[in-house]
DNA sequence: AGACTTTACGTATTTCGTAAGGATC
DNA sequence: GATCCTTACGAAATACGTAAAGTCT
């Protein structure tokens, strides 16, 4: 059971229609249909009754709708809580005074990609002191 | 954020070691490392401090550990509730007449373990008709 | 016929495992 | 040197989109 599958399921349940749900998910209908089918196989019971005008929840589907909404909401809140707790670490980058803080955006992007969550701060520094006032690194930590 | 990623994260957090966590997940270390990396990128903050003996949770990681355990447990309970609501369904297994209903007990046990609540019924069937008398599927429903 | 979902199939993306690369003790 | 984790890269599995098929009103 996957959160993506649950998002698809909720969309179909709320729209009552595979086509509209697919559009809302920016997805084509066939992949959506397969996802629901796989979810049904995974759970071992059908979730929708396919009716001419679209799809209607089965009793099991009603149960899953409530559970799925709860799970998705909790997942989103968990994200925010973790992000809130993740503040605090800052990497100070010294930039030569003459460069005018024109550090390559590509370099910054690559750095953030390799160190997710890192907060980068720029600090101007004289060319004669590239350390920008930082101390030495000893024993694996900056002091 | 994906439940699979959370499972990987919990394994690493509990083992404190990427290698052991990978073994527990039946996965090689590099894919596990990438999953954690992607999860950190997704959440926007680091979850582990990589130390010589393995990995240690950051404060953000501690928060996520609690959230992830909660989410995974709720997801599992949601599964069972939905399956419970989906009861009333019976899987009929056709067995070749000559086999004397001596279907592998291990196979049945594995089936019931993977699909709790599923009702399995055995039906003897001639080898010439492996469908065991079941009808065709038309229009999305068995008749 | 009209509206809807499902199956078929070729393609693109993602994910995995093995091997090489750094880093720390 | 030993023990970790990470990056690189080729291969397998997965997911997607278009097109054709099937079902029901």
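Residue numbers (my numbering), protein chains in the order written: chain A, 1 to 143; chain B, 1001 to 1143. Virtual Cβ for every residue (Gly too), placed ideally from N, Cα, C. A quick note: this is a predicted structure, and the numbers were derived from the prediction, not measured.
_Judging by CA-CA distance, which residue of B:1015, B:1009, B:1004 is the nearest neighbour of residue 1053 of chain B?_
B:1015
_Residues near residue 1061 of chain B by beta carbon distance below 7 Å, same chain, minus five either side_ = Only 1013, 1047, 1048 meet the Cβ criterion.
*Spell out whether any CB of chain A is found under 8 Å from the CB atom of residue 1067 of chain B.*
yes
*Cβ neighbours of residue 1086 of chain B in the same chain (closer than 6 Å, five flanking residues each side left out)*: Residues of the same chain with their beta carbon placed closer than 6 Å to that of residue 1086 of chain B are lacking, with the five preceding and five following residues left out of the count.
*So is residue 60 of chain A in contact with chain B if we call contact Cβ pairs under 8 Å?*
yes
_Which runs of the beta strand (DSSP E) at least 3 residues long sit entirely within the segment 22–48 of chain A? Give them in chain order._
Counting only runs of at least 3 residues, the segment 22–48 of chain A fully encloses no beta strand (DSSP E) element at all.
*Does DSSP put residue 84 of chain A in a helix, a strand or coil?*
helix
*Assigned exposure category for residue 56 of chain A - 16 Cβ within 10 Å defines buried*: exposed
*Please list the partners that residue 2 of chain A has in chain B, where partner means a Cβ-to-Cβ separation under 8 Å.*
1002, 1003, 1004
*Can you name the residues of chain B whose CB is closer than 7 Å to the CB of residue 22 of chain A?*
Within chain B, no C-beta atom comes less than 7 Å from the C-beta of residue 22 of chain A; the nearest is roughly 18 Å away.
*Interface positions of the segment 72–87 of chain A facing chain B (Cβ-Cβ less than 9 Å), listed along the chain*: For the segment 72–87 of chain A, residues whose beta-carbon sits nearer than 9 Å to a beta-carbon of chain B comprise 74, 75, 76, 77, 78, 79, 81, 82, 83, 84, 85, 86, 87.
*asked:* Closest to residue 27 of chain A by C-alpha separation, out of A:39, A:38, A:11, A:41, would be which residue?
replied: A:11
*Taking the Cβ atom as the reference point for each residue, do residue 148 of chain A and residue 1067 of chain B lie within a distance shorter than 8 Å?*
Because chain A spans 1 through 143 in this model, residue 148 of chain A falls outside it and cannot be assessed.
*Alpha carbon to alpha carbon, what distance is there between residue 65 of chain A and residue 1031 of chain B?*
32 Å
*residue 58 of chain A versus residue 40 of chain A: straight-line alpha-carbon distance, rounded*: 11 Å
*asked:* So for residue 130 of chain A, helix, strand or coil by DSSP?
replied: The pLDDT assigned to residue 130 of chain A is 48, lower than 50, so where the model puts this residue is not dependable; a value taken from the coordinates is nonetheless given after this. The answer is coil: DSSP assigns residue 130 of chain A none of H, G, I, E or B.
*Within-8 Å CB hit, residue 63 of chain A to chain B*: For residue 63 of chain A, the answer is yes, since a Cβ of chain B falls inside 8 Å of its Cβ.
_Same chain, Cβ closer than 6 Å to residue 1007 of chain B, five either side skipped, listed in chain order_ = No residues qualify anywhere along the chain.
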